[in-house]
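Residue numbers (the working numbering): 388 to 630. Here a beta-carbon is modelled for each residue, glycine too, at the ideal position from N, C-alpha and C.
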């Protein structure tokens, strides 16, 4: 039931040029925040958190291991690489009223593990509900704005299709980095994006390293980002497909 006019801005240049610009900011949808939220849901399912009402003496020992299908097979995510939250809080943030019971280790599927679906499909499913990429949150928006919605119940006007009077739809920022890593054309379709994303999600860390070198990263600047490229590909695809 949001007021969509609150996101409409009128721009005038000189006497002849007038534009209506619609803008909406999705808070906590940067890829670091999104990944931490996904991990938080996985950790909650594995009971890695305890209610604040439980005495600290009742905390478990050791570590709580969660399985992240967006990571390369056989990879264990180093705790020091888990990005801090927007307020600087380290580690995986538990839901309100809970605290971490033990350190959470983030693991990929085992190298020998037989998967019922591709890692691309498992990664997409893993991020779907934590990040609102499904129909239920859009039910009111779909009713009130005739299905002109992106995700999480947010109104979005139709985007230009490239053949009409409004030209093409452009992506900026980190989208460029993902496109570049997938090595696809700037006008690639979502189907072409998905095909290459599936290929990336099949690779283990060694294969990703070789692929990255073949792209020309001779200095290794991107090596630290390689474990998250399957997630970034699936997350970007979900943003564009559902948004």
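Point to revise | Pairwise C-alpha distance: residue 529 and residue 610 | key: Rounded to whole angstroms, residue 610 and residue 529 show a C-alpha spacing of 42 Å.
**Study point:** residue 521 and residue 532 closer than 7 Å at C-beta
**Key:** Cβ distance not < 7 Å, so residue 521 and residue 532 don't count as in contact.
**Study point:** Helix, strand or coil at residue 452 according to DSSP, with G and I counted as helix
**Key:** In the structure shown, residue 452 sits in a strand (DSSP, three-state: E or B).
Practice item. Less than 8 Å between the CB atoms is what I'm expecting for residue 496 and residue 592, so what's the real figure, rounded? Key: At roughly 13 Å, the Cβ-Cβ gap does not stay under 8 Å, so residue 496 and residue 592 are not in contact.
Check your understanding: Who are the near neighbours of residue 569 in its chain, counting only those whose CB is closer than 6 Å to its CB and skipping five residues on each side?
Key -> So the qualifying residues of the chain are 583.
**Study point:** Beta bridge counterpart(s) of residue 396 as assigned by DSSP
**Key:** Note: residue 396 sits in a beta bridge opposite 408.
Review point. Would you say residue 451 and residue 435 are within 7 Å of each other, going by their C-beta atoms?
Key: Their beta carbons are under 7 Å apart, which means residue 451 touches residue 435 by this criterion.
Exercise for review: May I ask which residues mark the beginning and end of the alpha helix (DSSP H) holding residue 583?
Suggested key: Where residue 583 is concerned, the enclosing alpha helix (DSSP H) stretches over 577-589.
**Study point:** Test item: CB-CB of residue 631 and residue 463 under 7 Å
**Key:** Residue coverage of the chain in this structure runs from 388 to 630, which leaves residue 631 outside it and unanswerable.
Exercise for review: Spatial neighbours of residue 511 within its chain, please: CB distance less than 6 Å, with the 5 preceding and 5 following residues excluded, ordered by chain position.
Suggested key: Within the same chain, residue 511 has close Cβ partners 621.
Practice item. May I ask which residues mark the beginning and end of the alpha helix (DSSP H) holding residue 620? Key: Counted as a single uninterrupted DSSP element, the alpha helix (DSSP H) harbouring residue 620 occupies residues 616-629.
Check your understanding: Anyone know if the C-beta pair for residue 517 and residue 626 falls short of 7 Å?
Key -> No; because the gap between Cβ atoms is not below 7 Å, this pair is not in contact.
Review point. By DSSP, does residue 401 sit in helix, in strand, or in coil?
Key: Taken through DSSP and simplified to helix, strand or coil, residue 401 comes out as coil.
Review point. Roughly how far, in whole angstroms, is the beta-carbon of residue 485 from the beta-carbon of residue 439, given that I think they are within contact range, below 8 Å?
Key: Between residue 439 and residue 485 the Cβ distance is about 7 Å, and since that is below 8 Å, they are a contact.
Exercise for review: Output the distance between the C-alpha atoms of residue 429 and residue 515, rounded to the nearest integer angstrom.
Suggested key: In a straight line, the C-alpha of residue 429 is about 12 Å away from that of residue 515.
Check your understanding: Terminal residues of the continuous alpha helix (DSSP H) containing residue 416?
Key -> No alpha helix (DSSP H) holds residue 416; DSSP gives it neither H nor E.
Practice item. Give me the Cα-Cα distance between residue 624 and residue 397, rounded to the nearest whole angstrom. Key: Their Cα atoms are separated by approximately 30 Å.
Practice item. Note down, in chain order, each residue of its chain lying with its Cβ closer than 8 Å to the Cβ of residue 339, except the 5 sequence neighbours on either side. Key: This structure does not reach residue 339, given that the chain is present from 388 up to 630, and the question cannot be answered.
**Study point:** Proximity of residue 619 and residue 415 at Cβ, strictly below 7 Å
**Key:** No, they are not a contact pair.
Review point. Just the Cα atoms here: how many angstroms apart are residue 444 and residue 481?
Key: Reliability fails at residue 444, whose pLDDT of 43 lies under 50, so the model's placement of it is uncertain and the value that follows must be treated cautiously. Taking the straight line joining both Cα atoms gives about 19 Å.
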